[in-house]
Amino acid sequence: MFDGWLLSLIIWVPIFGGAAVLAVGARSPQAVRALATAVAGLTFLLTLVLWIGFDPGAGMQFVEKRSWVPSFDIHYHLGVDGISMPLVVLTAFATLLVVVAAWRGIEYRLAQYMGAFLIMEGLMVGVFAALDAILFYVFWEAMLVPMFLLIGIWGGTNRIYATIKFFLYTFLGSVLMLIAFLYLRWQAESFGVLDFHGLGLPFEAQILIFLALLAAFAVKVPMWPVHTWLPDAHTEAPTGGSVILAAITLKMGAYGFLRFALPIAPEASQELAWLVIAMSLIAIVYIGLVAMVQEDMKRLIAYSSIAHMGFATLGFFVVFQAGLTSASGGDGGLLAMTGGYVQLISHGFISAALFLCVGVLYDRMHTRNISDYGGVVNRMPIFAAFFVVFAMANAGLPGTSGFVGEFMVILGSYQASFWYAAIAGLTLIVGAAYSLWLVKRVVFGPVANERVDQLRDLDGRELLLLGVLAVAVIGLGVYPAVLIEVAEPTLVALLEDVSAMLSLAAAR
Amino acid sequence: MDPVLVEWVLYAIVLLPLIAALIAGIGGPWIGRVGAHRVTIGGVGLATVLSFWVLYAQVWGGAAPLDITVYTWATVGNLSFEIGFLVDRLTAVMMATVTFVALMVHIYTIGYMHDDPGYQRFFSYIALFTFAMLMLVMANNLLQLFFAWEAVGLVSYLLIGFWYTRESAIFANLKAFLVNRVGDLGLLLGIAVLASAFGTLHYGELFAAVAEAPDQTLNLFGAAEWSLITVACVLIFIGCMGKSAQVPLHVWLPDSMEGPTPISALIHAATMVTAGIFLVARLSPLFELSTVALTVVLVVGALTAFFMGLIGLVQNDIKRVVAYSTLSQLGYMVAALGVSAYAAGVYHLFTHAFFKALLFLAAGSVIIALHHEQDMRKMGGLAKYLPITYITMLIGTLALIGFPGFSGFFSKEAVIAAVGYSAGGWATFAYWLLVLGVFVTALYSFRLLFMVFHGEERMDAHAREHLHESPRVVTIPLLLLAVPSVLIGLLTFGPMVIGDFFKVDGSIQVLATEHGLAYLAAGYTGVLGFIGHAFATPVPYLAFAGFLTAWLLYIKRPEWRPRVVAPLAPLQRLLEHKYGFDWLYVQGAAGGGRALARGLTLVGERWIIDGALVNGSARLIGRAAAGVRQLQTGYLYHYAFIMVIGVLLLITLFVVRTVLA
Chain A
94 MFDGWLLSLI IWVPIFGGAA VLAVGARSPQ AVRALATAVA GLTFLLTLVL
144 WIGFDPGAGM QFVEKRSWVP SFDIHYHLGV DGISMPLVVL TAFATLLVVV
194 AAWRGIEYRL AQYMGAFLIM EGLMVGVFAA LDAILFYVFW EAMLVPMFLL
244 IGIWGGTNRI YATIKFFLYT FLGSVLMLIA FLYLRWQAES FGVLDFHGLG
294 LPFEAQILIF LALLAAFAVK VPMWPVHTWL PDAHTEAPTG GSVILAAITL
344 KMGAYGFLRF ALPIAPEASQ ELAWLVIAMS LIAIVYIGLV AMVQEDMKRL
394 IAYSSIAHMG FATLGFFVVF QAGLTSASGG DGGLLAMTGG YVQLISHGFI
444 SAALFLCVGV LYDRMHTRNI SDYGGVVNRM PIFAAFFVVF AMANAGLPGT
494 SGFVGEFMVI LGSYQASFWY AAIAGLTLIV GAAYSLWLVK RVVFGPVANE
544 RVDQLRDLDG RELLLLGVLA VAVIGLGVYP AVLIEVAEPT LVALLEDVSA
594 MLSLAAAR
Chain B
300 MDPVLVEWVL YAIVLLPLIA ALIAGIGGPW IGRVGAHRVT IGGVGLATVL
350 SFWVLYAQVW GGAAPLDITV YTWATVGNLS FEIGFLVDRL TAVMMATVTF
400 VALMVHIYTI GYMHDDPGYQ RFFSYIALFT FAMLMLVMAN NLLQLFFAWE
450 AVGLVSYLLI GFWYTRESAI FANLKAFLVN RVGDLGLLLG IAVLASAFGT
500 LHYGELFAAV AEAPDQTLNL FGAAEWSLIT VACVLIFIGC MGKSAQVPLH
550 VWLPDSMEGP TPISALIHAA TMVTAGIFLV ARLSPLFELS TVALTVVLVV
600 GALTAFFMGL IGLVQNDIKR VVAYSTLSQL GYMVAALGVS AYAAGVYHLF
650 THAFFKALLF LAAGSVIIAL HHEQDMRKMG GLAKYLPITY ITMLIGTLAL
700 IGFPGFSGFF SKEAVIAAVG YSAGGWATFA YWLLVLGVFV TALYSFRLLF
750 MVFHGEERMD AHAREHLHES PRVVTIPLLL LAVPSVLIGL LTFGPMVIGD
800 FFKVDGSIQV LATEHGLAYL AAGYTGVLGF IGHAFATPVP YLAFAGFLTA
850 WLLYIKRPEW RPRVVAPLAP LQRLLEHKYG FDWLYVQGAA GGGRALARGL
900 TLVGERWIID GALVNGSARL IGRAAAGVRQ LQTGYLYHYA FIMVIGVLLL
950 ITLFVVRTVL A
């Protein structure tokens, strides 16, 4: 069904829909809500069509290629494989959540708020679907603008500092990426991302390209030590902004490693894997500890996000030491990479849920300080149940999606080194400590003060949002095969390609 | 006709409690209190009946062990992760024990939680626990075991913190979860070792693969080679130490008494805490291959058995005495595993489940009678007010101390004998700890009994007026648990421990032919002979000495107590501080961790990364810009002046160079 159009529809329906929402403007908040929800819902349905039509074994599909700037050989070139398709679905899912969440709580410039999210949705899908480096770059940078506005306009008190930090940080990395693309264009005589793969570049060139890409992607993930923009951005962002930031934007960096860094610079990736592994392990342990003592709920969850993304990057780069293919003994590499990938999707659900939970509290109390809460369960038992579920998922409890990725990454990285597994495994303790200590201080205990005493429990809309996320988190935890079956063939192919390129290089 | 195990029975056994839990949990407000207990008791009751049928089919019906896959959780490369059931005799015994005790606790809860506003929630949790515990014992692979292992931990967390407004309860549940997580890290790494070495987590396949290549090694530090099986077994045992509360990961169990008493009986005495014992028994083909791992198991178990029992002597909270007793008895079970007497360890688990659940529930009956008073110093002389509670608690106590003929006698005697018959210095060391532990057990048990039920009535007048025996929903479970506490040993000891009960279907595998239980079996002439034989060992005399000491100090000559205790004051202080473990963990580990985290946040995040690097580079650029900006004043005469200077300098340069040339 509309094979050659589907991805374009998923990109442009929300962008034009967002423009339409802007056009409706301040005239009727009711109409804005209805229209925005309809657009987000339609887009989500389109991604479901994409999912149903997707064939895990068929490699790149739903490909569209049209000439865009012929003089520079730039194409409007789209397509998805097992790595990008689930991320596209996740993007549409998260946007729909955010739009529904914004029905209430956003009074100021509602149309612009909704419009920004819808336009950003299209751009984010573009990032995951683009197969032309310049097209990718355009989406990648354009996406910053709505996020910049979201934090800058609807953010908290310190929003200006946060937006500038966010923008400059990500922009700096991206410029280096652009330079790498220009070099690759010269080598491959094309801007096609897939043409960049397997160029057999000289080792020194690979190192430079890898470092440039690392600068772009590590900032986006974010990895230690270039992570400090994230807690600031999260604390200042409105709830919806935090959800999208955590659920989708962070995934772009991780996606970049899989789509660009590993296949374009395999030798450099192998050579510098130790660096990324070290940064990931530091993220897991050090950032986990830092998360524990945060006094602001959103900061705590932001730090916990960084720690969780450490599992994704650990999984992606430990493959070089854990065995790239089954032939090289064991499935350590594939396990680690699959685990890292599952972690991306799972973290999308869990972090979205946690930020929505904080939003629920913030809408009522207008504070994010942990110490302003206590005993919320007495007045909001249903909310408390959800909060405990998501905190447990954040702590990686089996049966929730949080367990799947961490488990596989630990199992896989054990095949590289016992100590990688042991250090990463510390998250079992640290992750539980920051998640459950948060629960203890916010949810449990006697009613802490009068304002907590006056809290009312979830309304129907909030119940729906958190309920859907709980189903996703538990569903993926109990039956992760549904995701793994889609992504695994692509990941296997990626590992085989990387392995083949490395053997070629070794033979040279 | 031979009974055939059909799969739907197994599905029903696990799903009935789960569905009941969901109905009671989500539909609680609609179905009401009575609806909640009806639906969960119905679900668990049916599961109990079916579990007994499974036990019957396994043991008497001669059904073969059943090993089925329910669904594939995920497949990655050649590694397949599955959810499935393995039902052999070991599992069948566990299923029957778990469901029976769970059912008793469900019924008892109707009385115990009668006035609690969280009634439906409580029933939902305990039914959910029953589901998780069944998944644990019925698993046919280590992944599912880990799932259930964490799930029972989750329910335990929720139930310890059931009264969530109590600061002590929400401290205790966090502590329990985190201490367990330390153990879980070990278990998870152990699973990783096995998965990567043998490519499967399915028990049967794993044991076969291990048997083929038992001598693998791995490097942990530098080039030193470690036996892979030993490393895996020790790591897995660390998990068992967390869940089964062995020293030094035992600290959470006494605090877990913050939860309502029914769950202390069900989770923190009869079932969940025995999961570690079950796991070692289940993995007997692995542990058999590692003498080192078994020795670790033995020593940890024996230390726990003796030293935790000692702490029980100085506790004044009725539940905490029973809790330390549980720790000590878990130590006995673990010690038995350490000398390959898996059958004895599991058998002690089995009898202990009945009499310890009984003791907890009886303690709970006392607590309700006194309106939630738990301090034994405010009790005394209750026997005449609570006759059924008294009789059943006496039966539980006799079973616990190993009164000849009671169930606990057989199981504990088997454990001690098996350790005693084992060779080696560690076995001797463990043997004496276990034997001395018998004295301690009798002493704290009768101390409790005398302080609560005998002697002077120390409760206040108001409490005394309202004293009456608990309702039948409370006493009937007590009576039903008292029956197996007395009889189960006489009936089952011979076949289950001496005979080949667990061996015939390969539930438990012992490699050595000469081990403690084999010696025990060689000299076995029936239960009466076994009882008679026991009197040739110090064990019954020590138990009697313990009883006598308690009787002297608490009934006959209470005035002697200060004189006995005075010289032991340092020991008493040590015991009251629980050897300092709590202090070490709370101040050292948790406090240290928080201090470290605060330091990292301040120095690493705020000063170095954000302060020096991020904002520092921003400031640097700002300063450089400020410097350069000085040149851009916007005044034409400044630019003209600089231009003139420049031109003059160039001319000078030109002139100088020409002159020099």
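Chains as they are written, first to last, in this note's numbering: chain A, 94 to 601; chain B, 300 to 960. Note that the Cβ used here is the ideal one computed from N, Cα and C, for glycine as well. Remember, predicted model here, so these are calculated numbers, not experimental data.
Residue span of the beta strand (DSSP E) that contains residue i, given as start and end
i: A/HIS168; result: 167-173
i: B/ARG856; result: Careful: B/ARG856 lies outside any beta strand (DSSP E) and carries neither H nor E.
i: B/THR812; result: No beta strand (DSSP E) contains B/THR812, which DSSP labels as neither H nor E.
i: A/ASN462; result: Neither: A/ASN462 is in no beta strand (DSSP E) and is coded neither H nor E.
i: B/LEU378; result: 378-386
i: B/VAL955; result: Segment 935-959 is the alpha helix (DSSP H) holding B/VAL955; no beta strand (DSSP E) there.
i: A/ASP155; result: Reading the sequence as shown, one finds Phe at residue 155 of chain A and not Asp. Unbroken beta strand (DSSP E) run through A/PHE155: 154-162.
Backbone secondary structure at residue i - three-state DSSP
i: B/GLY610; result: Gly is not the amino acid found at residue 610 of chain B; the sequence shown has Ile there. Helix.
i: A/TRP105; result: helix
i: A/ASP325; result: helix
i: B/SER964; result: Lying outside 300 to 960, the shown extent of chain B, residue 964 of chain B is not represented and no answer is given.
i: B/ILE667; result: helix
i: B/PHE520; result: coil
i: B/TRP525; result: strand
i: B/ASN479; result: helix
i: A/ALA309; result: helix
i: A/GLY248; result: coil
i: B/MET300; result: Only weak support is given to the placement of B/MET300: the predicted model assigns it a pLDDT of 45, under 50, and the question is left unresolved by the model.
i: A/ASP606; result: It is not possible to answer for residue 606 of chain A, since the shown part of chain A is limited to 94 through 601.
i: B/VAL313; result: helix
i: B/ASP799; result: coil
i: B/LEU440; result: The sequence shown places Asn at residue 440 of chain B, not Leu. DSSP places B/ASN440 in strand when its eight states are reduced to three.
i: B/HIS567; result: helix
Buried or exposed by the 16-neighbour rule on C-beta atoms within 10 Å, applied to residue i
i: B/VAL313; result: buried
i: B/TRP372; result: buried
i: B/MET300; result: Residue confidence is low: B/MET300 scores 45 on pLDDT, short of 50, so the model does not pin down where it sits. Its coordinate-derived value is still stated next. The residue is exposed, with fewer than 16 neighbouring Cβ atoms inside 10 Å.
i: B/VAL946; result: exposed
i: A/HIS170; result: buried
i: B/HIS405; result: buried
i: A/PRO324; result: buried
i: B/LYS987; result: No information on residue 987 of chain B is available, as it lies outside the stretch 300 to 960 that chain B covers here.
i: B/TRP859; result: exposed
Run of the alpha helix (DSSP H) containing residue i, from where it starts to where it stops
i: A/PHE537; result: Note, A/PHE537: premise wrong, no alpha helix (DSSP H); not H, not E.
i: B/ALA373; result: Where B/ALA373 is concerned, there is no enclosing alpha helix (DSSP H), although the beta strand (DSSP E) it sits in stretches over 365-375.
i: B/LYS618; result: 617-637
i: A/HIS401; result: 390-410
i: B/MET750; result: 724-752
i: A/GLN123; result: 122-146
i: B/PRO686; result: 686-700
i: B/ARG332; result: 327-358
Output needed in chain order: residues of the stretch 463-479 of chain B with a Cβ under 7 Å from some Cβ in chain A. TYR463, THR464, GLU466, ILE469, LEU473, PHE476, LEU477
Of all the residues that make up the stretch 523-552 of chain A, which are near chain B by a beta-carbon distance shorter than 7 Å? ALA525, ALA526, LEU529, TRP530, LYS533, PHE537, GLY538, PRO539
Going along the chain, which residues of the stretch 449-473 of chain A sit with their C-beta nearer than 9 Å to a C-beta in chain B? GLY468, VAL470, ASN471
In the stretch 650-662 of chain B, which residues sit with their C-beta less than 7 Å from some C-beta in chain A, listed in chain order? none
Enumerated in chain order, which unbroken segments of the alpha helix (DSSP H) with a length of 4 residues or greater are wholly contained in the stretch 200-241 of chain A? 203-222, 226-235
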